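Once you know that position 2 of the sequence shown is -13 in my numbering, the rest is easy, because the numbers rise by one and skip nothing. Even glycine gets a Cβ: it sits at the ideal position worked out from N, Cα and C. All of these numbers come straight from a predicted model, not from anything done at the bench. What follows is a set of notes on a single structure, which appears directly below.
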Amino acid sequence: MSKDTTSFSNSALRGLPSIAKLIDTEALQEASQRFGQAAVTTATREAIDKLRRELQGEQHMPEIPSHAALANQIASGLALREENVLRPVINATGILLHTGLGRAPLAKVAAEAAEQAARGYCNVELDLPSGQRSQRSQVVERLLCELTGAEAAHVVNNNAGAAGLVLATLAAGREVIVSHGELIEIGGGFRVPDVIASYGAKLRPVGTTNRTRVDDYARAIGEQTGAVLVVHPSNYRVEGFTHRPELRALAALAREREIPLVHDLGSGALIDFSQFGSVAEPVASESVAAGVDLTFFSGDKLLGGPQSGIIVGRRSYVERVARHPLSRALRVDKITLAALHATLKLYRSPEEARQSIPLLRFLSTPLETIKARTEELASRLRSQLRDWDTQTQADEAFVGGGSLPQQAIPSWSLAITSSAHCVEGMAQRLRVGEPAVVGRVQQEQLLLSLHAMLEEQDEQLEQALLTASQSLASAE
């Protein structure tokens, strides 16, 4: 840094306003009324510190804003930060269970039940007829047993929690037998071996990556065995020269050796998904019927309910799990229980479930319907979107959420291009719009899929596109 630059930097540093002086400006006084004094003070300190670092660094000297301009920048930043909370999003990605967008949208009755529970008191742990305290999971246990054929059920906050609770209860300090082919890593870097170790159990892998037999499990069972764990690979597949033992055969071995067999279904399903043209996913009732002692799975993926981890199986084991101290740390609240109960009730009627649970409704929608909706929307947009070419094209949708890997669903999408504007810019305008819209940019096209959208959102998407195009045009 030259002497002149250093002199300018020192002079600029001395000219930076104090935090108190900035907070006293009209813009930040108004911001204090909206966001609170503490938030404004923190944001102001961060802004001053950022300017100071830039002035002291060797990079290009920043332009020093006036005190009023700096105060306005801070106020605008606070407003933007407040807006960047959970917002409604139109999912136009074609991924039905988009993890970044909260996975499964709830059925209307489930959302209403959650709202009702949130607005007042409810009998979370109280048996109203007797007036006695009850177990929290009893609210949904009867329905889960009815739908899966299990003797008992317990619910925790998510399936990772369910897996950990089962392992901590049955195998802390002991061995857990798992096939080499099931030592998978799920989203977020969570690996089965690490999960097992974190709950105080010891991994005992058997077989090979592609072939594991019942005899491999039988030879591994010993005095230190706490449980045999079967893991559904979910978003991982080994094909070709493979072998996995039938659950019934493993269950028979486990009973003979008096060792619990536990089954991590991952995404979980209460119905056969092959009816939607997908590859069959393991169904919870099939796991229970095969003789598995404890089966656990997610409530917010293929089931289409709120985030939760569901454990079903033999009463003696479920009761042990429910009594474990970790169970309290993982318990669900009244809002989750209300939404889960309402969702499970829908499964009593398969047809009602298909019509009411958004995920099942999306999967049940005929391809012709998706195409017709897409073409109708494209037709309306062509006469309104200036400088943009709107077409429809055959596309693919995916279930997502770690479920049904590589299982493409035939679909149709809007394909929007422009020789005058940047499609990345349009995509960005849509994401920050109201409502926010998330699509995908591919081969210089903005692709917007209606497959994971409710029909009433078509008009909202149309308006969002018009607003975004106008915003982009005025900015350029």
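In whole angstroms, give me the CA-to-CA distance for Phe(-7) and Cys407.
Reading the sequence shown from its first residue, position 8 is the one you call residue -7. Reading the sequence shown from its first residue, position 422 is the one you call residue 407. Only weak support is given to the placement of Phe(-7): the predicted model assigns it a pLDDT of 47, under 50, and the value that follows is read from those uncertain coordinates. Approximately 39 Å between the Cα atoms of the pair.
Which residue or residues does DSSP assign as beta-bridge partners of Pro395?
Looking up residue 395 in the sequence shown gives position 410. Paired residues: Glu381.
Start-to-end residues for the beta strand (DSSP E) that takes in Ile295
Walking along the sequence shown from the start, residue 295 turns up at place 310. Boundaries of the beta strand (DSSP E) harbouring Ile295: Gly294 to Gly298, taken from the DSSP string.
Residues near Glu465 by beta carbon distance below 7 Å, same chain, minus five either side:
Past the boundaries of the shown model lies residue 465; the chain is included only from -14 to 461, so the question cannot be answered.
Exposed unless 16 or more other CB atoms sit within 10 angstroms - verdict on Ala236
Position 251 of the sequence shown holds residue 236. It counts as buried.
For the alpha helix (DSSP H) that Pro190 lies in, which residues bound it at each end?
Here the question's residue 190 lines up with position 205 in the sequence shown. First-last for Pro190: Lys187 to Val191, but that is the beta strand (DSSP E), not the alpha helix (DSSP H).
Three-state secondary structure assigned by DSSP to Thr226
Taking the sequence shown and counting its residues from 1, one reaches residue 226 at position 241. The question names Thr, yet the displayed sequence has Phe at residue 226. The answer is coil: DSSP assigns Phe226 none of H, G, I, E or B.
Going by the CB atoms, is the gap between Pro190 and His165 shorter than 8 Å?
For the purposes of this step, residue 165 is taken as residue 180 along the sequence shown, with counting starting at 1. For the purposes of this step, residue 190 is taken as residue 205 along the sequence shown, with counting starting at 1. The answer is yes: Cβ separation under 8 Å.
Taking buried to mean at least 16 other C-beta atoms within 10 Å of its own C-beta, is Asn108 buried or exposed?
Translated into positions along the sequence shown, residue 108 becomes position 123. Asn108 is exposed by the Cβ-count criterion.
I need the straight-line Cα distance from Gln120 to Val247, nearest angstrom please.
Numbered from its first residue, the sequence shown carries residue 120 at position 135. Numbered from its first residue, the sequence shown carries residue 247 at position 262. Cα-Cα distance, rounded: 23 Å.
Taking the C-alpha atoms as reference points, what is the distance between Glu15 and Arg66?
For the purposes of this step, residue 15 is taken as the residue at position 30 of the sequence shown. For the purposes of this step, residue 66 is taken as the residue at position 81 of the sequence shown. Roughly 16 Å separates the two Cα atoms.
Which residues mark the beginning and the end of the alpha helix (DSSP H) in which Ala269 is found?
By 1-based counting over the sequence shown, the position of residue 269 is 284. Here the alpha helix (DSSP H) through Ala269 covers Ala269 to Ala274.
Val161 in three-state terms, based on DSSP
Here the question's residue 161 lines up with position 176 in the sequence shown. Taken through DSSP and simplified to helix, strand or coil, Val161 comes out as strand.
When burial is assigned at 16 or more other CB atoms within 10 Å of the CB, is Pro395 buried or exposed?
Within the sequence shown, residue 395 is the residue found at index 410, counting from 1. Exposed, because fewer than 16 other Cβ atoms sit within 10 Å of the Cβ of Pro395.
Write down every uninterrupted run of the beta strand (DSSP E) in the stretch 274 to 345 whose length is 3 residues or greater and which is fully enclosed by it, in chain order.
Counting only runs of 3 or more, we get 279 to 283 and 294 to 298.
As a quick exercise: from Ile244, Arg242, Val215 and Ser219, pick the residue whose alpha carbon is nearest that of Pro230.
Against the sequence shown, residue 230 aligns to sequence position 245. The shortest Cα separation from Pro230 among Ile244, Arg242, Val215 and Ser219 belongs to Val215.
Tell me which residues share the same chain as Asn76 and place their Cβ nearer than 7 Å to its Cβ, disregarding the 5 neighbours each side in the sequence.
In the sequence shown, counting from the first residue as 1, residue 76 sits at position 91. Correct list, in chain order: His83, Leu86, Val423, Ala437 and Met438.
Taking all protein chains shown into account, decide if Arg88 is buried (16 or more other Cβ within 10 angstroms of its Cβ) or exposed.
Indexing the sequence shown from 1 puts residue 88 at position 103. For Arg88, the number of other beta carbons within 10 angstroms of its own is at least 16, and it is reported as buried.
Throw me the rounded Cβ distance for the Leu1 and Arg37 pair, which I believe falls under 8 Å.
Against the sequence shown, residue 1 aligns to sequence position 16. Against the sequence shown, residue 37 aligns to sequence position 52. A Cβ-Cβ distance of about 7 Å is found for the pair Leu1 and Arg37, placing them in contact under the 8 Å criterion.
Per DSSP, which residues does Val215 bridge with? Please list them.
For the purposes of this step, residue 215 is taken as the residue at position 230 of the sequence shown. In the DSSP output, where bridge partners are listed per residue, Val215 has His248.
Nonlocal neighbours in the same chain, by C-beta distance under 7 Å from Gly386, ignoring five residues either side
The sequence position of residue 386 within the sequence shown is 401, counting from 1. Closer than 7 Å at the Cβ level, and outside the excluded window around Gly386, lie Leu82, Thr84, Arg88, Ser252 and Lys286.
By the 10 Å Cβ neighbour count, where 16 or more other Cβ atoms means buried, how is Phe281 classified, buried or exposed?
Counting from 1 along the sequence shown, the entry for residue 281 is found at position 296. Classification for Phe281: buried.
With respect to the beta strand (DSSP E) encompassing Ile4, which residues constitute its N-terminal and C-terminal limits?
For this step, residue 4 is matched to residue 19 along the sequence shown. No beta strand (DSSP E) contains Ile4, which is instead part of the alpha helix (DSSP H) from Ile4 to Ile8.
With a threshold of 16 other CB atoms inside 10 Å of the CB of Gln462, please say whether the residue is buried or exposed.
For the chain, the structure presents residues -14 to 461; residue 462 sits outside this window and is missing.
Checking contacts by CB at 8 Å: is Val216 closer than that to chain C?
Absent from the structure: chain C. Only one protein chain is present.
When the Cα of Leu450 is compared with those of His52, Leu288 and Leu431, which residue comes out closest?
By 1-based counting over the sequence shown, the position of residue 450 is 465. Per the Cα distances, Leu431.
Who are the near neighbours of Ser403 in its chain, counting only those whose CB is closer than 6 Å to its CB and skipping five residues on each side?
On the sequence shown, residue 403 is found 418 positions in, with the first residue counted as 1. Contacts found: Asp372 and Trp373.
Going by DSSP, what residues sit across from Ile401 in a beta bridge?
Taking the first residue of the sequence shown as position 1, residue 401 is located at position 416. Paired residues: Thr375 and Leu431.
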